[in-house]
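Here the structure is laid out as structure tokens; the discussion comes afterwards.
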Amino acid sequence: MENTPTPMTADAVLDREFLEMRAKILELAASFDRLDRGEGGINDDRRMELIREALKLLEDPNAGRAEKIQLLFSREYSGSWRNEFGI
Amino acid sequence: MYYIDPHIHMVSRVTDDYETLSKMGCTAMSEPAFWAGFDRGSAESFRDYFKQLTEVEPKRAAQYGIQHFTWLCINAKEADNVELSREVIAMIPEFLDCPNVLGIGEIGLNKNTKNEATIFLEHMELAIKYNQQILIHTPHLEDKFQGTKMILDMLTDDSRVDPSRVLVDHVEEHTVETVLENGFWAGMTLYPVSKCTPARAADIIEMYGPERLLANSAGDWGPSKPTAVPDLIFEMRRRGHSEDLIRQVVYENPIKFFSQSQNFNFVRPDGVPVPSIQ
Ligand SMILES: [Zn+2]
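Protein chains in written order, with my numbering: chain X, 37 to 123; chain C, 7 to 284.
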């Protein structure tokens with residue numbers, strides 16, 4: 037599989053996406069604030085754990101962050117599923 | 007630019023959508039059989055649905071200069087009902103000679119259950135028996151990775167399946183590589199929230215190249231956008247990609263894949279006929 041590198045420079049990508057990225061981070065920040073203001077505890081909720089893990093992956097210096105975040109939110113696969121199902 | 011939407015559910019769209027798609031350059035589309043948003047009560051209900059797909063939609067599309075093709079099956083969600091599924095599978099051969107039928111699809115998994123896998127294998131048998139191409143639905147969200155791996159297991163475990171005649175749809179960052187590596191075609195579905203955005207689809211094209219990659223809107227009864235493929239074209243142009251590269255993904259690749267179906271009698275808008283390979 038041969039890739040087709042992006043014709044845009046990193047500078048051009050940042051110019052185009054800076055405001056968008058800023059806006060997405062703000063949306064997340066506001067969501068966390070909203071969760072805080074709501075009644076009840078969610079700290080033990082598995083979904084919050086996943087979100088905290090995902091935020092850490094954003095800071096990963098290596099590429100493939102989108103793939104890693106996808107995998108984080110995925111159910112596990114077992115190679116022996118056909119045996120388990122008996123099919 | 008002319009384009010083909012290889013996965014769109016027009017039974018759920020209004021006629022205005024045909025007009026809009028036509029004006030945006032859509033020359034052909036393929037519509038896999040899918041879930042109607044509710045579980046159907048009997049196999050006869052599927053017979054009517056298959057008539058809609060093979061008789062009604064091609065006419066509706068033709069009014070706007072669009073060629074309509076289709077795929078038949080019982081979808082992964084209703085496939086959990088094994089008894090109903092077997093009745094529907096038994097009925098499908100009646101429709102395989104309809105002029106717009108390209109193969110069996112979209113078969114797949116939904117919650118990755120034993121029943122769904124059982125019916126997936128029976129659909130596979132049907133496709134092999136009638137030498138049909140296969141279009142595959144992979145599950146959504148947390149079920150996608152596991153379900154895609156299970157589907158690939160079933161396909162690659164059977165040496166009678168030719169991967170170059172199978173399209174695996176709804177691939178995303180964590181599933182596209184293994185689908186392509188195994189020789190299958192991969193479809194990216196541009197769909198709000200639960201699937202891929204035009205920007206992420208363009209990223210995938212940049213990371214893996216255009217070979218055996220398709221893009222579709224999956225426009226259906228849910229929150230979806232039937233004009234999503236033109237959105238991808240626009241995104242790729244904004245990034246400065248060549249027209250040739252864009253055309254390969256949205257036009258030439260679907261023609262190449264569909265041409266392996268006996269019934270793909272596509273007429274290019276420029277008048278050049280595309281001979282079917284089989
Ligand atoms: Zn679909």
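Idealized CB from N, CA, C, for every residue including glycine. Predicted model only: the values in this text are computed from it and were never measured.
- Annotation: residue 117(X) is outside any beta strand (DSSP E); the continuous alpha helix (DSSP H) that includes it extends over 117-121.
- Inter-residue distance for residue 90(X) and residue 105(X) is about 6 Å (C-alpha atoms, whole angstroms).
- If one requires a minimum length of 3 residues, the beta strand (DSSP E) runs lying completely within the segment 138-178 of chain C are 139-143, 172-175, in chain order.
- Annotation: Cβ neighbours of residue 156(C) in chain X (cutoff 8 Å, chain order): 113, 117.
- For the segment 94-124 of chain C, the full-length beta strand (DSSP E) segments reaching 3 residues or more read 107-114 along the chain.
- By the neighbour-count criterion, in which a residue is buried when 16 or more other Cβ atoms sit within 10 angstroms of its Cβ, residue 52(C) is buried.
- Residue pairing by DSSP puts residue 76(C) in a beta bridge opposite 37(C), 107(C).
- For residue 80(X), there is no enclosing beta strand (DSSP E), since its DSSP letter is neither H nor E.
- Residue 225(C) counts as buried, since at least 16 other C-beta atoms from the protein chains shown sit within 10 angstroms of its C-beta.
- Contact of residue 74(X) with chain C is not assigned, every C-beta pair being separated by 9 Å or more.
- For the pair residue 205(C) and residue 194(C), the CB atoms are not nearer than the 9 Å cut-off.
- Uninterrupted alpha helix (DSSP H) stretches at least 4 residues long and entirely within the segment 207-282 of chain C occur at 234-245, 249-253, 259-264, given in chain order.
- Taking the CA atoms as reference points, residue 221(C) sits about 14 Å from residue 179(C).
- For residue 74(C), the shortest separation between its Cβ and any heavy atom of ligand 1 does not lie below 8 Å.
- Three or more beta-carbon pairs separated by less than 8 Å link the segment 106-120 of chain C to the segment 149-165 of chain C, which places the two stretches in contact.
- Assignment of residue 197(C) by DSSP, reduced to helix, strand and coil, places it in the coil class.
- Within chain X, not a single residue places a beta-carbon under 7 Å from that of residue 42(C); the smallest gap is close to 26 Å.
- For residue 11(C), the uninterrupted beta strand (DSSP E) run begins and ends at 9-11, by DSSP.
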